[in-house]
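Below is one structure, written out as structure tokens; comments come after it.
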């Protein structure tokens, strides 16, 4: 009988190239002898994900809770899963079909796909990543009657945009049922506590950087050498890439020094940023590199002189 600590990770999308920190957490826990099983509500593209995802065979550790879009396939699979739920947990069988209590989540058969992968499994701890995923897990926990301890990590939008968009009681159950909450900064803790979270349960625990992965190299710049600037991120408003482009426009106008800004990443605002780059006449000083695996990003950094990290509060309230 194994005495290993068993932890379940509850995630919205997996594996996401912009959430390498989750892949690192899984890998580092595995290195420490912890059994980790992943439950993701949506399957994300594997394009550009860290090599550690493959090295640790994380696809084999992952259960996807997403139901098929095709209604016929959904019904066929749901019937099979429903029969399994009836055999292993008859109370859960009736709960997943409680349309009155669970509304659209039950009527769409979504709850069947959420609940079935957890049948017969026990964990010492459930770690929910992002508040909305934690809220969904509370439904699973209730239906299956689980008593497992829960911790939740908040990362940004879930305690900024969610606070603005959702009702005040959106995290009501989570506040009561979750053992601890991890936040990325003191500012984030202040925002969370202001929304009624117990300050004693909120721990500032930012995502760390393994500095051993970044080899030191002294930066020298020849008189006629171009200055290389790099920035990395998802192309969404809160990352502030539009502000960076406007700042580069000012720099270009005020200096004769050659420079190039290398922008690594992608996302929904890519067309807007490309258009702004043209409008500001920055094509000679800005280069878009697309998404890269974290290993390639680290290698790319070795050629750069400066790293720039813009950030701001988006108009919809989203922030880091």
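Residue numbers (full-length UniProt numbering): 1 to 320. No residue lacks a Cβ here, since even glycine has one placed at the ideal position from N, Cα and C.
- Per DSSP, residue 106 lies in no beta strand (DSSP E) segment; the continuous alpha helix (DSSP H) that holds it begins and ends at 99 to 107.
- DSSP places residue 187 in the helix class (H, G or I) of the three-state scheme.
- A distance of 7 Å or more separates the beta carbons of residue 129 and residue 7.
- Nearest to residue 116 by alpha-carbon distance, out of 101, 91, 188 and 218, is 91.
- For residue 194, the three-state secondary structure derived from DSSP is helix.
- Contact check for residue 290 against residue 267 fails: the beta carbons are separated by 7 Å or more.
- Between residue 145 and residue 39, the alpha-carbon positions lie close to 18 Å from each other.
- Exclusion of the five residues before and after residue 231 leaves 263 and 308 as the residues of its chain whose Cβ lies within less than 6 Å of its Cβ.
- Residue 41: member of the beta strand (DSSP E) spanning 35 to 43, first to last residue.
- Taking a contact to require three or more Cβ pairs closer than 8 Å, the segment 91 to 106 and the segment 63 to 76 do not qualify as touching.
- The secondary-structure analysis by DSSP pairs residue 13 across a beta bridge with 42.
- Cα atoms of residue 123 and residue 27: separation of roughly 18 Å, rounded to the nearest angstrom.
- Sequence-distant partners of residue 134 (beyond 5 residues in either direction) whose C-beta falls short of 6 Å from its own C-beta, in its chain, are 128, 152 and 174.
- The residues 314, in chain order, have a CB closer than 6 Å to that of residue 237 in the same chain once the five nearest residues on each side in sequence are set aside.
- Looking at the backbone, the Cα of residue 22 and that of residue 242 are separated by about 27 Å.
- Non-local C-beta neighbours of residue 88 in its own chain, meaning closer than 7 Å and more than five positions away in sequence, comprise 119 and 120, ordered along the chain.
- When the Cα atoms are used, residue 276 and residue 157 turn out to be separated by approximately 25 Å.
- With respect to residue 318, residue 161 sits close: the two C-beta atoms are nearer than 7 Å.
- A straight-line Cα-Cα distance of about 43 Å links residue 193 and residue 252.
- Excluding the 5 residues flanking it on each side, residue 53 has same chain C-beta neighbours closer than 6 Å at 15 and 23, in chain order.
- Segment contact: the segment 106 to 115 against the segment 74 to 88, three or more CB-CB distances shorter than 8 Å; contact assigned.
- As computed with DSSP, residue 233 is found in a beta bridge with 265.
- The continuous beta strand (DSSP E) containing residue 287 extends over residues 286 to 290.
- Rounded to whole angstroms, residue 188 and residue 311 show a C-alpha spacing of 15 Å.
- Counting every other CB atom within 10 Å of its CB across the protein chains shown gives residue 295 a total below 16, marking it as exposed.
- In this chain, the alpha helix (DSSP H) harbouring residue 300 covers 294 to 301.
- Here residue 44 has 13, 14, 15 and 16 as same chain residues with Cβ atoms under 7 Å from its own Cβ, once five neighbours each way along the sequence are excluded.
- Residue 220 holds the alpha-carbon nearest to the alpha-carbon of residue 302 among 259, 254, 257 and 220.
- If the five residues before and after residue 35 are omitted, its C-beta is found closer than 6 Å to the C-beta atoms of 4 and 6, all from its own chain and listed in chain order.
- Between the alpha carbons of residue 247 and residue 255 lies a gap of roughly 12 Å.
- About 27 Å separates the beta carbons of residue 235 and residue 136, which is beyond the 8 Å limit, so they are not a contact pair.
- When the Cα atoms are used, residue 261 and residue 51 turn out to be separated by approximately 26 Å.
- A straight line joining the alpha-carbon of residue 211 with that of residue 10 spans about 27 Å.
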